[in-house]
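Encoded as structure tokens, the structure appears first; notes follow it.
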Amino acid sequence: MLRDVDKTWLTSADRLANERGWAAAATEPLRSRLLVRVSERRPLLVPQVILLAAAEALEGCAPGAPRNDLFGLDAILRNLLSIGQEEPSHRPRPSGLVWGGYDEELASELVANQHFNKSPQLAHLITEADFFWRREWPDKLPKKIRNQLPSTPADLYQLATGVTFDDLISIALHLWTQAEINNYTRFPFEFFEKLGVDENAIRRFLEITSIDSIGLAAEIAAERNECTIPSWSFNSFRRYPIVRLETGEYLVLRLGFMVERALGVPPSLDVAQSLGPSSRQVVAFRAAAEAVFENSVGQTLSRMFNSGQLSKRVFDEVNMQKAWMGRSGQKPKVCDFAVDCGDVWLLIECTSRRIAADVVNASGGRESLERELDAVLTDRKAKQLNSTVHLIRHHLQKLCGYPPPDGTRIVPLVVVPNEGLGWNEVVAQQVREKVRKNSGLTHPSALPFAIITLRELRSFEALMETGQADASMLVRWRVAAPDMPLEHFIDQQGLPLNRPAWETNSFSLVTDQLIRVMQSRGMDE
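Its first residue numbered 258, the sequence shown is counted upward by one per residue in the working numbering.
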């Protein structure tokens, strides 16, 4: 099912035919109910709902050995049909608690929807994985942290897991390629032996990414009863996107999850789990990961704005503190980056905070939403942004050599990872409520604060490359549609959400490198 709905090239007619085929495979009277739903063109196969239905079916599965057939199909289809179709008397009543101007349940669902059913962008994932794992730590990383870590994140991954990072992504990309080109999602073990990858690396890869169906059911049950709040990126299906079958074959549950398992957040969680979440090395790794994310944002801004023109310059925290240092050597509070765009200034704070599973599952309610927002808009970040606004308004000459032009607009932004808390009407309304209660969270002479993802920043970079956008578009966004996600505003302007050229080039370069390495080791064509 997941293979059928994840194919990006299918037309709506193809998808309808797929749904009709799966519905027809059920037994009566379920088959008739499903076919009616399909005939009404009401979506039946939605990736996130399929996973939820599969999890419920696994939990309710009778004990015994796996059958390796479609006997349990009715259970999954019955769950698909029932999700969201409860009788009114069985639906939970509104709690009366409000977050962002909405009932907490609806607010939770609106935030969660920004993370559901997202198709992985392979080029972006590979580029980010290359930047994070395969390069040395940023120069600005403090020496006391650097001394606790190997020279690169990839070295730390190999130390923790016994798998080289290049082998991890090589195997995942080869599985992706076979599925996309040949429609394969079931692989015999012999397939892995022909990849040109060390057999110990293959064994460790399968140990950390695959599980049998009984084990998967146990993981799902344990996750539901877990007292702690797991990362969304490491939930059962994402941690184990490959299922070991009784036949000895390996079944890829969902291609996107399998690729994200190697290129997304999960490798970082492998490190934490292998070395111990509270170990000194993992604590140092978390601090270093924050520095790598900030460095990635800084390099993006430099490509966008450091053109050599006086009115297109990027200042980092060190530049600003040096220019605005007090007489006694006291460093002022400033944000991570400030971008001079003439009569527009962009103030950027970064956080590598990624959303927790209870928020993505819309199960945590108001407390979980507030926890995530507080982690992104901390008092410290707000003070740093507001202090920088004040310094630009009153002491810009010390930084740039000239005062701010009349009518200068200041746009404060927090950049989060793609898996971070998104920006929408609910989050925007709650930010306004927080500002109303604590005026120190914003500055009266700046435009309203907003959150953007790294992917949105890169989409904006692509528009600037082609001359389709500049900083004034961000001002228009914050004035005309302050509650709208940036990518929605870009789309509303009739502009494409593309990747920057360097990201496409980097994708080609990295994949070519990996292919050459596997071929040199004897990978079959």
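We treat Cβ as the ideally placed atom computed from N, Cα and C, and that holds for glycine.
- The closest CA to that of R391, considering only G664, I383, K397, is found on I383.
- For D331, the enclosing alpha helix (DSSP H) starts and ends at 330-339.
- In the three-state scheme derived from DSSP, where H, G and I count as helix and E and B as strand, V355 is classed as strand.
- Under the rule that a run must span 4 or more residues, the alpha helix (DSSP H) segments found entirely inside the region 364-417 read 379-390, 400-403.
- Across the structure, S467 and H431 are spaced so that their CA atoms are roughly 16 Å apart.
- CA-to-CA, the gap between A319 and R260 works out to about 26 Å.
- The distance from the Cβ of R610 to that of G677 is about 6 Å, consistent with a contact at the 8 Å cut-off.
- Where F594 is concerned, there is no enclosing alpha helix (DSSP H), although the beta strand (DSSP E) around it starts and stops at 594-597.
- The region 608-679 is shown to contain whole beta strand (DSSP E) runs of 3 or more residues at 666-673, in chain order.
- When C-beta atoms of the region 424-438 are compared with those of the region 492-512, three or more pairs fall below 8 Å, so the two segments count as touching.
- The beta carbon of G317 sits closer than 8 Å to the beta carbons of A332 from its chain, once the five residues preceding and following it are set aside; these are given in chain order.
- Of the residues Q750, F550, M741, the one whose Cα lies closest to the Cα of N675 is F550.
- Shortest Cα-Cα distance from A474 to any of V774, L315, R733 involves L315.
- The continuous beta strand (DSSP E) containing L508 extends over residues 507-509.
- Distance from the Cα of A386 is smallest, within the candidate group K400, R518, R324, for R518.
- It is roughly 13 Å from the alpha-carbon of D455 to the alpha-carbon of Q776.
- Distance from the CA atom of E313 to the CA atom of S470, rounded to whole angstroms, is 13 Å.
- At the C-beta level, V601 and V668 come within 9 Å of one another.
- Between D527 and L771, the gap from beta carbon to beta carbon reaches 9 Å or more.
- The C-beta of D593 has 16 or more other C-beta atoms within 10 Å across all chains shown, which makes the residue buried.
- The residues V646, R650, I667, in chain order, have a CB closer than 8 Å to that of S702 in the same chain once the five nearest residues on each side in sequence are set aside.
- At the C-beta level, F462 and L425 come within 9 Å of one another.
- DSSP places F562 in the uninterrupted alpha helix (DSSP H) bounded by 537-562.
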